[in-house]
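See structure below.
Protein chains: 4
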Amino acid sequence: MDAKPDYSFEREVLVRFAHCDPAGIVYFPQYLVLFNGHVEDWFNEGLGIGYAHFIGERRCGLPMVKLDCEFKAPSKMGERLTLSLGVTKIGNSSIALQLRASAQGQLRVLSNQVLVTTSLDTNKSIPIPGDLRHALERCVAELGGLRTPC
Amino acid sequence: MDAKPDYSFEREVLVRFAHCDPAGIVYFPQYLVLFNGHVEDWFNEGLGIGYAHFIGERRCGLPMVKLDCEFKAPSKMGERLTLSLGVTKIGNSSIALQLRASAQGQLRVLSNQVLVTTSLDTNKSIPIPGDLRHALERCVAELGGLRTPC
Amino acid sequence: MDAKPDYSFEREVLVRFAHCDPAGIVYFPQYLVLFNGHVEDWFNEGLGIGYAHFIGERRCGLPMVKLDCEFKAPSKMGERLTLSLGVTKIGNSSIALQLRASAQGQLRVLSNQVLVTTSLDTNKSIPIPGDLRHALERCVAELGGLRTPC
Amino acid sequence: MDAKPDYSFEREVLVRFAHCDPAGIVYFPQYLVLFNGHVEDWFNEGLGIGYAHFIGERRCGLPMVKLDCEFKAPSKMGERLTLSLGVTKIGNSSIALQLRASAQGQLRVLSNQVLVTTSLDTNKSIPIPGDLRHALERCVAELGGLRTPC
């Protein structure tokens, strides 16, 4: 019997001229900018929590504390990447995510990331705010549990 | 009597965290990256000429030779910018464009740009390739002429 | 008799992999990031006014309101660019600058820029703070006057 | 008895306005751009192998295949970061590096990276070219061995 599908928030992005390096492929830090934009879209559209409002008005930060990436194959200008995001762990003041970039049925980048919720006024970690925790738990529950990191 | 509307290719983009500076507003070079992405979308979707193919396979360049910008009001993270593009002049080997970024009914950035068609092999200017010229002329004709630069 | 030399604050920067596009030359918005960094160095080292302190602690902004650039020749990865800056006008709440990027005796980019002093708390323009005005006037006087824009 | 010091190539960089996000601290992908620039300086100045020539003329690529980062403390605009690099492993066609960014005696970012030597013409991995291997071995030998990853 098949495993239940992982929760996954997906969007497509075009590999643009501005993402590419002199070798004509995505410059690796640009994947991280794209993944960050994907987390932003997930907040806005998946969790229903306005990212700009969360950072700008509520003065919450979401700094990354841990990042692992495997770059499995290059991506070329003009390709369409599918970005996908799953939650792997919800801590007290941290959220672990797995992000993937794929194109043409091929995994290009696999990334595990740990973000921490902070106060931008004190620069210290704070417990995940209630509405965010609630939205995270709803997301995870909808698809039968956390994604397994790999 | 109203003037005929300018030809205008429009798309919306979200002002993302990654576009903003420590003042919480769009860092000005990011507008130019957004405008460049808009030219890319215009090639792909407006002119019907694949931008990545034009650069990558046909080895044509589109370097900018002249750029004027007025930054009229700041844009904040979370706003949706409307990017609009009109052709102001078609030369022998150059294309003059006007780009605008607006939000909430307010013009934020107005930019006039001159791009030149080149060969990436010789790094010299070349006449605008026939299919591109044809697509440009069709675009301009559809709305009754070139946009007036301002 | 030779004209008096323009006031000029100069620094060298390496054209890095990260500055270059799939055509192997500096992606044009990167020149603007480099020029912004040069203004930063000029504040710190030429004017003797800490840029980070000016923005971060004193909460003054320096948004650009007007930008003109001519891109005269491309710059390749590995080249060393000489960035040079001169003051062309000191207004009540605005500073006009001319920036140049050159390499191998050849002007690559010429840019005229107008920056405005603002309060980051009100987002409105403010008169140029006294210490900054004083430093600007000293700079200009040292070399016999404002640079002529061109 | 003290351990022999790790081999370390060090340079200082200023945290610039352009590196910082709306929270006023370095936007994490910018650390990776800074580390990439540090690898570039290390090639040019530490290994004596021109990075731009290696990529541009010899058509060798150095794509990253694996990246781990720990972001231990934020860095603010105006701080001076010390970037340091050590070799942790030399493979057949791969080089493992450890990079650190520190300021004020505090480790800010620790990163382990694996780069692979490729041909830009075939996009396949190639054995580390002889002159690069020789330079790498000399670097490591000078300080009594590989750095221990941590």
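These protein sequence lines are chains Y, C, U and V, in that order. Quick note: the first sequence uses this note's numbering, first residue 1, plus one each step. Quick note: the second sequence uses this note's numbering, first residue 151, plus one each step. Quick note: the third sequence uses this note's numbering, first residue 301, plus one each step. Quick note: the fourth sequence uses this note's numbering, first residue 451, plus one each step. For glycine and all other residues, C-beta sits at the position ideal for the given N, C-alpha and C.
- As DSSP reads the structure, aspartate 518 (chain V) sits in a beta bridge with Y:Asp68, V:Asn562.
- With a cutoff of 8 Å on beta-carbon distance, glutamate 520 (chain V) and valine 65 (chain Y) are scored as near each other.
- The C-beta of glycine 430 (chain U) has fewer than 16 other C-beta atoms within 10 Å across all chains shown, which makes the residue exposed.
- Neighbours of glutamate 190 (chain C) across chain Y, judged by C-beta separation under 7 Å: Arg16, Phe17.
- Interface annotation, proline 429 (chain U): not in contact with chain C, CB-CB separation never under 8 Å.
- Taking 8 Å as the cut-off between beta carbons, the residues of the region 496 to 508 of chain V near chain U are Gly500, Tyr501, Ala502, His503, Ile505, Gly506, in sequence order.
- Scanning chain C for C-beta atoms nearer than 8 Å to the C-beta of asparagine 423 (chain U) yields Pro224, reported in chain order.
- Sixteen is the threshold: since fewer than 16 other Cβ atoms of the shown chains lie within 10 Å of the Cβ of asparagine 392 (chain U), the residue is exposed.
- Between the beta-carbon of serine 411 (chain U) and that of threonine 417 (chain U) there is about 19 Å, and that puts the pair past the 8 Å contact cut.
- Within the model, the alpha-carbon separation for methionine 227 (chain C) versus isoleucine 55 (chain Y) is close to 9 Å.
- Under the DSSP assignment, glutamate 442 (chain U) falls in the alpha helix (DSSP H) whose first and last residues are 430 to 442.
- Counting only runs of 3+ residues, the beta strand (DSSP E) found wholly inside the region 159 to 232 of chain C occupies 159 to 164, 214 to 221, in chain order.
- By the 16-neighbour rule on beta-carbons within 10 angstroms, histidine 134 (chain Y) is exposed.
- In the three-state scheme derived from DSSP, where H, G and I count as helix and E and B as strand, serine 384 (chain U) is classed as strand.
- Here proline 63 (chain Y) is actually not in contact with leucine 136 (chain Y); their C-beta atoms are around 17 Å apart, not less than 8 Å.
- The Cβ-Cβ distance between lysine 372 (chain U) and leucine 446 (chain U) does not fall below 8 Å.
- Exclusion of the five residues before and after isoleucine 49 (chain Y) leaves Phe43, Asp131, Leu132, Ala135 as the residues of its chain whose Cβ lies within less than 7 Å of its Cβ.
- By the criterion of a C-beta distance shorter than 8 Å, aspartate 471 (chain V) is surrounded in its chain by Tyr477, once the five residues flanking it on both sides are discounted.
- Between leucine 233 (chain C) and leucine 184 (chain C), the gap from beta carbon to beta carbon is short of 8 Å.
- Of the residues Y:Glu12, Y:Asn36, Y:Ile25, Y:Arg58, the one whose Cα lies closest to the Cα of threonine 122 (chain Y) is Y:Arg58.
- Contact check for valine 165 (chain C) against serine 225 (chain C) passes: the beta carbons are separated by less than 8 Å.
- Rounded to whole angstroms, glutamate 40 (chain Y) and tyrosine 51 (chain Y) show a C-alpha spacing of 6 Å.
- At a cut-off of 8 Å between C-beta atoms, valine 183 (chain C) counts as an interface residue with respect to chain U.
- Under the three-state reduction of DSSP output, isoleucine 576 (chain V) falls in the coil class, being neither helix nor strand.
- Taking 9 Å as the upper bound on Cβ-Cβ separation, chain V lies near residues Leu67, Asp68, Cys69, Glu70, Phe71, Lys72, Pro74 of the region 67 to 98 of chain Y.
- Between leucine 47 (chain Y) and isoleucine 95 (chain Y), the alpha-carbon positions lie close to 13 Å from each other.
- Taken atom to atom, the span from the alpha-carbon of leucine 399 (chain U) to that of glutamate 312 (chain U) is near 13 Å.
- Interface annotation, leucine 286 (chain C): not in contact with chain U, CB-CB separation never under 8 Å.
- For arginine 447 (chain U), the secondary structure class from DSSP, reduced to helix, strand or coil, is coil.
- Distance from serine 158 (chain C) to glycine 236 (chain C) at the Cβ level is roughly 5 Å; contact confirmed, criterion being Cβ atoms closer than 8 Å.
- The criterion of a C-beta distance shorter than 8 Å is satisfied by leucine 231 (chain C) and arginine 258 (chain C).
- In this structure, glycine 37 (chain Y) sits away from alanine 473 (chain V), with a CB-CB distance that is not shorter than 8 Å.
- Using a Cβ distance threshold of 8 Å, proline 29 (chain Y) and leucine 570 (chain V) do not count as a contacting pair.
- Not a single CB atom of chain U sits nearer than 8 Å to the CB of glycine 37 (chain Y).
- Residues of chain Y whose Cβ lies closer than 8 Å to the Cβ of glycine 174 (chain C) are, in chain order, Gly56.
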